[in-house]
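Enquirer: Below are the structure tokens for one structure; questions will follow.
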Amino acid sequence: MTEIAGQKIKTNAERLAYLEFSADNRVWGSGGCNRLTGTYHFDSGQLHFSRMISTKMACIDMRTENALLAALSTVTTSALSDGGNILTLYDNDGAPRAAFRRDASGVKQKS
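Here the sequence shown is numbered in this note's numbering, starting from 1 and rising by one per residue.
If you want it as structure tokens, here you go:
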């Protein structure tokens, strides 16, 4: 994740916030501390996340993770930019809620 609510975030290589999407409408990832999973639906340009759950480990700084979970509940649309390398999620008012950069390395993050 590179931005939350329009603000750039500092990245921590060991505690990276990320999402992965599957063809069968599942989504999973990390908020930077806890693992999260749920489903997504994309239809007629509308994107919605549902049944999002996460583990409940306590970390020193939970602000980014809490902001990501709150953002996912408000997402209604998305857009790809930078040749498909950046995914930006928007709310119903068109405000950016979160942005992610594609990991082109092909290496899965260690958990």
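Quick reminder that beta carbons are idealized off the backbone N, C-alpha and C, glycines included.
Select from Arg101, Asp103, Asn92 and Ala99 the residue whose C-alpha is nearest the C-alpha of Gly113.
Expert: Nothing can be reported for residue 113, as the shown portion of the chain is limited to 1 through 111.
Enquirer: Return the CA-CA distance between Gln7 and Arg102, expressed in angstroms with no decimal places.
Expert: Walking along the sequence shown from the start, residue 7 turns up at place 7. Walking along the sequence shown from the start, residue 102 turns up at place 102. Whole-angstrom Cα-Cα distance: 18 Å.
Enquirer: Within 9 Å (strictly less), CB to CB, does Ser81 reach chain B?
Expert: Absence of chain B from the displayed structure is noted, only one protein chain being present.
Enquirer: For Phe21, count neighbouring C-beta atoms within 10 Å of its own C-beta (all shown protein chains included) and say buried if the count is 16 or more, exposed if not.
Expert: Position 21 of the sequence shown holds residue 21. It is exposed - the Cβ of Phe21 has fewer than 16 other Cβ atoms within 10 Å.
Enquirer: Does DSSP put Ala98 in a helix, in a strand, or in coil?
Expert: The count along the sequence shown starts at 1 and reaches residue 98 at position 98. Ala98: strand per DSSP, three-state reduction.
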